[in-house]
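Each residue of the sequence shown is one higher than the one before, starting from 356 at the first, in this note's numbering. By construction, the Cβ of each residue, glycine as well, lies at the ideal position given by its N, Cα and C atoms. To start, the structure under review is shown below, and the notes come after it.
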Amino acid sequence: MTLLSIKAQFFLSYGVLGSLGPLLALILRDAKNFEPREIGIALAISSAGMLLSPAIMTFLADRDYDTRKILRAIFVLTAISLFAVYHLQDPIPVTLAWAAYSIFFIPTLPLLDGYYFNAMRQNQVTTGSSASDYQFVRAWGSAGFMVPAIALFFILDTPSSAIQALWCAIIWCIMAFLGTFALHPCRIRQSTKGETPTRQAMRVIFSRSTFPMCAGLFLVYIAANCYYPYISVFFSDEVGLNLKWIPLISAIGVVVEIGYLMGLGPIRRLIKLKGVMVLGLATMGTRLALLTVFPTITASILIQLVHGLEILAMFVVPVIYLDRVAGDSFRNSIQGAFTIIITVPARFIGFLLAGEIAHAYGAPEVIFTAAILSFVAMLVILFSFKPSENKPTACDSAIN
């Protein structure tokens, strides 16, 4: 099993997100003429539809269905949905097409994580080689997220041109689809008797040692989904950035993020797993609060320098920890169960909350609300979460 194909798949899959993420609200506002409340409702509806797809896809992966085939279907359906969003104009059809994109694409990330951890175990069993740290593979996802910003810089010129980001995402879907053919088969056969993988995963997530972390992440995911769609609106309306510069500003944070990913081992040894999460969430709240107080280009760039700590706390350490407390029979499903229990409801609430605040007040209030939620989430992790002392897994060297 070569890591190169897995790294390439992370790179290509995250490129789809990188094409859309930095311009999320602007695509709907400036290209589809959505009002702030309509943006929140559209994104919230798309989240509501995700409640089943991650569980189904990761369940199939744990039941020995080929993950590569699942990913291929995802990328085809995602591209079709984005093509529909591009051509539709009325709010209801656009909302439904955007919901279809979200439903189809959201299982990609837990599937990739589960595939990676299973591949590393299979590789150890068959060759005896050591496992690679997850964060070094995840860094390729960050690189993939960043690259579309370069192309968009030369494409975007007027506010209405934000719609071209959809074509960028479609192209990345096609490349990600082709990338799955370079992946190796990865199946760890387990008995199908007893509890289903999804039930086993949920039992672990709601356990005394894991649920406090999930509760804190639920709050901070609300914060992230509250501010992230509107950060582009804030940069455009409050800071005065030209459209083409917004993805590049975000890309600065991703470049620095890769450095944090590479340094996770030393950071973890210095402040421990819980410390990484507490520091990352505190940093997130601080940088968002500072941005609302100092809405300048300088502040917009400087806050990107600590963006990597936020990513470690929200999207890297939790994935590794969930793998640590999972069993081989539900390694995919625990990532999917976490997505439907924590990630999807938080997306729904965050998007809806952001739309209502933006409708009543404006983008600065959305960002400040996210800052407050980040600090609350940090306090939950600080005072309630006690990491499990279970023996670390083979791929858990980033944690220990």
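(request) Would you kindly check if the distance between the Cβ of Pro567 and the Cβ of Phe389 is under 9 Å? (result) As a first step, residue 389 must be located in the sequence shown, where it is residue number 34. As a first step, residue 567 must be located in the sequence shown, where it is residue number 212. Their beta carbons are not under 9 Å apart, which means Phe389 does not touch Pro567 by this criterion.
(request) Using the Cα positions of Pro719 and Ile712, report the straight-line distance between them to the nearest angstrom. (result) By one-based count along the sequence shown, residue 719 stands at place 364. By one-based count along the sequence shown, residue 712 stands at place 357. For Pro719 and Ile712, the distance between alpha carbons rounds to 9 Å.
(message) Going by DSSP, what residue range makes up the alpha helix (DSSP H) through Arg642?
(response) The residue labelled residue 642 in the question sits at position 287 within the sequence shown. 619 to 648 is the extent of the alpha helix (DSSP H) around Arg642.
(message) Could you tell me the alpha carbon to alpha carbon distance between Gln690 and Gly469, rounded to whole angstroms?
(response) Taking the sequence shown and counting its residues from 1, the one referred to as residue 690 is at position 335. Taking the sequence shown and counting its residues from 1, the one referred to as residue 469 is at position 114. Looking at the two C-alpha atoms, the distance is approximately 7 Å.
(message) Helix, strand or coil, according to DSSP, for Ser739 in the structure here?
(response) As a first step, residue 739 must be located in the sequence shown, where it is residue number 384. If DSSP states are grouped into helix, strand and coil, Ser739 belongs with the helices.
(message) According to DSSP, simplified to helix, strand and coil, what is Glu390?
(response) Taking the sequence shown and counting its residues from 1, one reaches residue 390 at position 35. Glu390: coil per DSSP, three-state reduction.
(request) Work out the CA separation of Leu619 and Asp751 for me, nearest whole Å. (result) Here residue 751 corresponds to residue number 396 of the sequence shown, with the count starting at 1. Here residue 619 corresponds to residue number 264 of the sequence shown, with the count starting at 1. With a pLDDT of 45 at Asp751, under the threshold of 50, the modelled position of that residue is not reliable, and no figure is offered here.
(request) Please classify Asn757: is it buried, with 16 or more other beta-carbons within 10 angstroms of its beta-carbon, or exposed? (result) Because the chain in this structure spans residues 356 to 755, residue 757 falls outside the shown range and cannot be described.
(message) I'd like the list of long-range same chain contacts for Val399, defined as Cβ closer than 6 Å, with 5 residues on each side in sequence excluded.
(response) Translated into the one-based positions of the sequence shown, residue 399 becomes position 44. Checking the displayed sequence, the identity of residue 399 turns out to be Ala instead of Val. Here the set comprises Phe703, Phe706, Leu707.
(message) Counting C-beta neighbours from all protein chains within 10 Å, is the total for Asn473 16 or more, i.e. buried, or is it exposed?
(response) Position 118 of the sequence shown, counting from 1, holds the residue named residue 473. Result: buried.
(message) Tell me the residue span of the alpha helix (DSSP H) that contains Ser457.
(response) In the sequence shown, counting from the first residue as 1, residue 457 sits at position 102. Start and end: 446 to 460.
(request) With DSSP as the reference, label His442 as helix, strand or coil. (result) Working through the sequence shown from its first residue, we reach residue 442 at position 87. His442: helix per DSSP, three-state reduction.
(request) Kindly indicate which residue of Phe589, Val371, Ser605, Leu464 has the alpha-carbon position closest to the one of Pro391. (result) To locate residue 391, count along the sequence shown from 1; it is residue 36. Considering only alpha carbons, the answer is Phe589.
(request) Out of Phe573, Ser587, Thr641, Val502, state which residue places its alpha-carbon closest to the alpha-carbon of Ile811. (result) A query on residue 811 cannot be resolved here, the shown segment of the chain reaching from 356 to 755 and no further.
(request) Could you tell me the distance, in whole angstroms, from the CA atom of Leu375 to the CA atom of Pro465? (result) By 1-based counting over the sequence shown, the position of residue 375 is 20. By 1-based counting over the sequence shown, the position of residue 465 is 110. Answer to the nearest angstrom: the Cα atoms are 19 Å apart.
(message) Quick test of the definition: if touching needs 3 or more C-beta pairs under 8 Å, does the region 439 to 453 touch the region 515 to 531?
(response) The region 439 to 453 is in contact with the region 515 to 531.
(request) Within the same chain, show all residues whose beta-carbon is closer than 6 Å to that of Ile603, passing over the 5 residues directly before and after it, in chain order. (result) Here the question's residue 603 lines up with position 248 in the sequence shown. It should be noted that the sequence gives Leu, not Ile, for residue 603. Ala504, Phe508, listed in sequence order.
(message) Rounded to the nearest angstrom, what separates Thr547 and Arg554 at their Cα positions?
(response) Start at 1 with the first residue of the sequence shown, and residue 547 comes out as number 192. Start at 1 with the first residue of the sequence shown, and residue 554 comes out as number 199. With a pLDDT of 48 at Thr547, under the threshold of 50, the modelled position of this residue cannot be trusted; read the value that follows with caution. Using only the alpha carbons, I get a separation of about 13 Å.
(message) Can you tell me whether Pro552 is buried or exposed? The criterion is at least 16 other CB atoms within 10 Å of its CB, across all chains shown.
(response) Position 197 of the sequence shown holds residue 552. By the 10 Å Cβ count, Pro552 comes out buried.
(request) Throw me the rounded Cβ distance for the Ala537 and Leu367 pair, which I believe falls under 8 Å. (result) On the sequence shown, position 182 is the one that residue 537 refers to. On the sequence shown, position 12 is the one that residue 367 refers to. Contact flag wrong, Cβ pair sits at about 10 Å.
(request) Could you tell me if His662 is buried or exposed, where buried requires 16 or more neighbouring beta carbons within 10 angstroms of its beta carbon? (result) For the purposes of this step, residue 662 is taken as residue 307 along the sequence shown, with counting starting at 1. Looking at its Cβ environment, which holds 16 or more other Cβ atoms inside 10 Å, His662 is buried.
(message) Using only the alpha-carbon positions, how far apart do Ala454 and Phe460 sit?
(response) Indexing the sequence shown from 1 puts residue 454 at position 99. Indexing the sequence shown from 1 puts residue 460 at position 105. Each residue's alpha carbon lies about 10 Å from the other.
(message) Using a 10 Å radius around the Cβ and a threshold of 16 neighbouring Cβ atoms, would you call Glu612 buried or exposed?
(response) Here residue 612 is taken as the residue at index 257 of the sequence shown, counted from 1. It is buried - the Cβ of Glu612 has at least 16 other Cβ atoms within 10 Å.
(message) Short of 6 Å in beta carbon distance, which residues of its chain neighbour Leu574, apart from the five on each side in sequence? Order them along the chain.
(response) Translated into positions along the sequence shown, residue 574 becomes position 219. Leu728, Val731, Ala732.
(message) Suppose the cutoff is 7 Å on Cβ atoms and the five residues either side in sequence are ignored; what does the same chain contact list for Leu609 look like?
(response) Position 254 of the sequence shown, counting from 1, holds the residue named residue 609. At residue 609 the sequence reads Val, which differs from the Leu that was named. The residues are Ser497, Phe500, Met501.
(request) Below 7 Å CB to CB, which residues in the same chain sit around Ala452 once its five sequence neighbours on both sides are set aside? (result) Against the sequence shown, residue 452 aligns to sequence position 97. Closer than 7 Å at the Cβ level, and outside the excluded window around Ala452, lie Ser436, Ala439, Val440, Leu443.
(message) According to DSSP, is Pro552 part of a helix, a strand, or is it coil?
(response) Counted from its first residue, the sequence shown places residue 552 at position 197. Residue state, collapsed to three classes: helix.
(request) Mind checking which residues open and close the alpha helix (DSSP H) that includes Cys569? (result) For the purposes of this step, residue 569 is taken as residue 214 along the sequence shown, with counting starting at 1. First-last of the alpha helix (DSSP H) with Cys569: 566 to 589.
(message) For a test of the three-state rule: what should DSSP assign to Ser684, helix, strand or coil?
(response) Stepping through the sequence shown from its first residue, residue 684 is reached at position 329. Reduced to three states, the DSSP call for Ser684 is helix.
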